[in-house]
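Q:
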Amino acid sequence: MSHALATPSAVEYGHVEHVSVYFDDLDALGILHNSRYAVLLERALTAYWAERGVSYQGGQRSAPDTFHAVREFTITYRAPIAATGPVAVHFWLEHFGTSSAEYAYQFRSLDGSIVHAEGRRAIVRLDPATLRPTPWTETGRAVAANLLRPAPTPA
1 MSHALATPSA
11 VEYGHVEHVS
21 VYFDDLDALG
31 ILHNSRYAVL
41 LERALTAYWA
51 ERGVSYQGGQ
61 RSAPDTFHAV
71 REFTITYRAP
81 IAATGPVAVH
91 FWLEHFGTSS
101 AEYAYQFRSL
111 DGSIVHAEGR
121 RAIVRLDPAT
131 LRPTPWTETG
141 RAVAANLLRP
151 APTPA
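Number 12 in UniProt numbering belongs to position 12 of the sequence shown; there are no gaps in the numbering.
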């Protein structure tokens, strides 16, 4: 379940999606199990793209850009999530190439004061017939453009 961000302008770039942590996401210590971060990130990204018409529902892709594979996933844990309920996932694109993309993300408390975890997730768009890299569509590029982190200005 995702919740709309009350103040979308709360971040300078990218997007914040609220996702819910449920009791069965917690480990024996009562903290979010390390493997659940990838699932919650996937839910946040899926909600963002689906709201913009790029989704996979009822066994059908609404756009070719939904056919991609994760190439790399890294995470650094900073402060445990020790409760159920919503958590803020801030994500953005560091790179959007011909057929690949690299997200950066942070799991934060709802008020943004605590960074629970952060990392990167690289994906590659694949041709469904050959499973080889293939270019993103113009639709995918248009949606992704809103997630790109601006390049730093030279000093």
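Ideal Cβ positions, reconstructed from N, Cα and C, are used throughout, including at glycine.
Bear in mind the structure is a predicted one, so any value in this text is a computation, not a measurement.
1. If we ignore side chains and look at the alpha-carbon of each, how far apart do residue 48 and residue 17 end up?
2. Hey, how far is the Cα of residue 24 from the Cα of residue 39?
3. Is it true that the CB of residue 140 sits closer than 8 Å to the CB of residue 65?
4. Taking the runs of the alpha helix (DSSP H) that are 4 residues or longer, which of them lie wholly in the UniProt domain "Thioesterase" (30 to 113)?
5. Taking only the alpha-carbon atoms, compute the straight-line gap between residue 82 and residue 130 and give it to the nearest angstrom.
6. Here's the rule: buried if 16 or more other CB atoms are within 10 angstroms of the residue's CB, otherwise exposed. What is residue 32?
A: In terms of the structure at hand:
1. Each residue's alpha carbon lies about 7 Å from the other.
2. 13 Å
3. Yes, they are a contact pair.
4. Fully enclosed alpha helix (DSSP H) runs of 4 or longer: 36 to 50.
5. Near 43 Å, if we compare the C-alpha coordinates of residue 130 and residue 82.
6. buried
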